[in-house]
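K.L.:
Have a look at this one.
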Amino acid sequence: FTTYLSLISEKWANDVGAGKTVDWPVDKMGRGLAGKGNPGVVAILKQTEGSICYTELSFAIEENLPVASIENKNGKFVKPTTETIQAAVSQVSSSIPDPTEGYREDIKQLLDAGGDNTYPIVAFTHLLVWQNKNGKHYSSEEAKAIKDFLTWVLTEGQKEENLAPGYVALPQEVTQIGLNAVNMIQE
């Protein structure tokens, strides 16, 4: 979230910056509240009349919180929905590196994607696994189990009934990048 704020506001970038921990601005009286992680933030929000917060969408859904529309790069105000999140991912899918190029993460890549119907604050949940060249990291059985699990995540796991609230299925082109990476794991 702070990376997004830094991306769209030079003042925020200069005064507060981005990161997992920042010195959050407070009012002139020095008042500000913090909670540990999404559950802590939501708990503080519920206890503080008139407050606002940013939390992962799944927590907002679980706690039945109202969700604000956010202005995107095209000047449209959109809520985080399956459609607006998938639209944002689809806008940038062609710039996601092929797994043979090695890992690199650019968190800004998914933030404030162009398009009228794109939610501007989107991120992937991801994991890193060894390719297991020459069986260096896993046994053959372990490598097969990892491949089977990740294949399920990228296929069956993308079906609506398997997605947690607030998470959306990956577009086919992104799923294929993931499957290509899974196929690089040696058994």
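According to our numbering, the sequence shown is numbered sequentially starting from 1459. Note that CB positions come from ideal geometry on N, CA and C, so glycine has one too.
Taking only three categories from DSSP, how would you classify Phe1535?
P.N.:
The count along the sequence shown starts at 1 and reaches residue 1535 at position 77. Residue state, collapsed to three classes: strand.
K.L.:
In chain order, what residues of the same chain have a beta carbon less than 6 Å from the beta carbon of Gly1624, not counting five sequence neighbours either side?
P.N.:
Start at 1 with the first residue of the sequence shown, and residue 1624 comes out as number 166. Hits under 6 Å: Leu1515, Ser1516 and Ile1519.
K.L.:
Tell me which residue opens and which closes the alpha helix (DSSP H) that Pro1497 is part of.
P.N.:
Stepping through the sequence shown from its first residue, residue 1497 is reached at position 39. Gly1495 to Gln1505 is the span of the alpha helix (DSSP H), which, as asked, contains Pro1497.
K.L.:
Inspect the CB distances between the stretch 1530 to 1543 and the stretch 1565 to 1579 and report whether three or more fall short of 8 Å.
P.N.:
A contact exists between the stretch 1530 to 1543 and the stretch 1565 to 1579.
K.L.:
Nearest to Ile1579 by alpha carbon, out of Ala1571, Pro1629 and Ala1601?
P.N.:
The residue labelled residue 1579 in the question sits at position 121 within the sequence shown. Taking only the C-alpha atoms, the option nearest Ile1579 is Ala1571.
K.L.:
Classify Ser1598: buried if its beta carbon has 16 or more other beta carbons within 10 angstroms, exposed otherwise.
P.N.:
Counting from 1 along the sequence shown, the entry for residue 1598 is found at position 140. Flag for Ser1598 reads exposed.
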